[in-house]
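Peer 1:
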Amino acid sequence: RKEVEQDPGPFNVPEGATVAFNCTYSNSASQSFFWYRQDCRKEPKLLMSVYSSGNEDGRFTAQLNRASQYISLLIRDSKLSDSATYLCVVNILNDMRFGAGTRLTVKP
Amino acid sequence: SQTIHQWPATLVQPVGSPLSLECTVEGTSNPNLYWYRQAAGRGLQLLFYSVGIGQISSEVPQNLSASRPQDRQFILSSKKLLLSDSGFYLCAWKTGANYGYTFGSGTRLTVV
Numbered sequence: 138r139k140e141v142e143q144d145p146g147p148f149n150v151p152e153g154a155t156v157a158f159n160c161t162y163s164n165s166a167s168q169s170f171f172w173y174r175q176d177c178r179k180e181p182k183l184l185m186s187v188y189s190s191g192n193e194d195g196r197f198t199a200q201l202n203r204a205s206q207y208i209s210l211l212i213r214d215s216k217l218s219d220s221a222t223y224l225c226v227v228n229i230l231n232d233m234r235f236g237a238g239t240r241l242t243v244k245p
Numbered sequence: 087s088q089t090i091h092q093w094p095a096t097l098v099q100p101v102g103s104p105l106s107l108e109c110t111v112e113g114t115s116n117p118n119l120y121w122y123r124q125a126a127g128r129g130l131q132l133l134f135y136s137v138g139i140g141q142i143s144s145e146v147p148q149n150l151s152a153s154r155p156q157d158r159q160f161i162l163s164s165k166k167l168l169l170s171d172s173g174f175y176l177c178a179w180k181t182g183a184n185y186g187y188t189f190g191s192g193t194r195l196t197v198v
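For the record, the sequence lines run as chains A and B.
Residues in the first sequence are numbered consecutively from 138, following my numbering.
Residues in the second sequence are numbered consecutively from 87, following my numbering.
(1) Pull up the DSSP beta-bridge partners for E193(A), would you.
(2) Identify the residues that DSSP records as bridge partners of D232(A): which are they?
(3) Using a Cβ-Cβ cut-off of 8 Å, state whether G138(B) counts as contacting chain E.
(4) Taking a contact to mean a Cβ-Cβ separation below 8 Å, would you say F148(A) touches T239(A) in this structure?
(5) Compute the Euclidean distance between the alpha carbons of T188(B) and L176(B), then round it to the nearest angstrom.
(6) Would you verify that the beta carbon of A237(A) is, or is not, closer than 8 Å to some beta carbon of chain B?
(7) Got a sec, what are the start and stop residues for the beta strand (DSSP E) G186(B) sits in?
(8) Counting only Cβ pairs nearer than 8 Å, list the residues of chain A close to L176(B).
(9) Counting only the same chain and skipping the five closest in sequence on each side, list residues whose C-beta sits under 7 Å from that of D157(B).
(10) If distances are taken between C-alpha atoms only, which option among V187(A), R174(A), S163(A) and T198(A) comes closest to S218(A)?
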């Protein structure tokens, strides 16, 4: 079983749609969690950290369920500029483990 | 300010040739540094990490090596490249437990 698993997609949604990504992790000792965004042929960039109580940053909401060992990212009112690959990242014993990413395409 | 530099951006090398990719960090001291590889359509694979000068840990056996000759310099090398070494190589710096990693802009390596 992979340490961090994501649905690879692709997710193709119209502008204005709400889209949700899920991610599961296998190591219950995981300490911190993140969502990264990676544009085509670019480096990954931190989108947001994921806190136990859940957190929101504008149109983006992240949730963590430690009991079920999954993380989610919700994007509301999708924009064309949201098109990218979203990477789920888990910090396990000071090593960051990356999911393979979920590809999102937002269409006009 | 804290920045990470990586070069070159693109590289095309023949099979059997050597490789040297350099990464430097500015604005911090004693950073944890990492080399990742991303094959086309795949996730990031951790290759090496370093917690200090001369300290290198390897995650996977391969024909690549890493060195940390200075506190803010991390080098990825190979004596003889294979076709399977093609990929997107990313250097990263651990910004902090709650802030994740910051990545360099990456080197896209094609071995021909």
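We put the CB at the ideal spot given by N, CA and C, even for glycine.
Peer 2: This is what the structure gives:
(1) Under DSSP, the beta-bridge partners assigned to E193(A) are T198(A).
(2) Its beta-bridge partners are I229(A).
(3) In the structure shown, chain E cannot be found, because the protein chains are A and B.
(4) In this structure, F148(A) lies near T239(A), with their beta-carbon atoms less than 8 Å apart.
(5) Using only the alpha carbons, I get a separation of about 10 Å.
(6) So yes, A237(A) belongs to the interface.
(7) For G186(B), the uninterrupted beta strand (DSSP E) segment begins and ends at G186 to F189.
(8) Within 8 Å Cβ-Cβ: E180 and P181.
(9) Same-chain partners within the cutoff: S115, N116 and I139.
(10) Between S218(A) and the set V187(A), R174(A), S163(A) and T198(A), the nearest pair of CA atoms involves R174(A).
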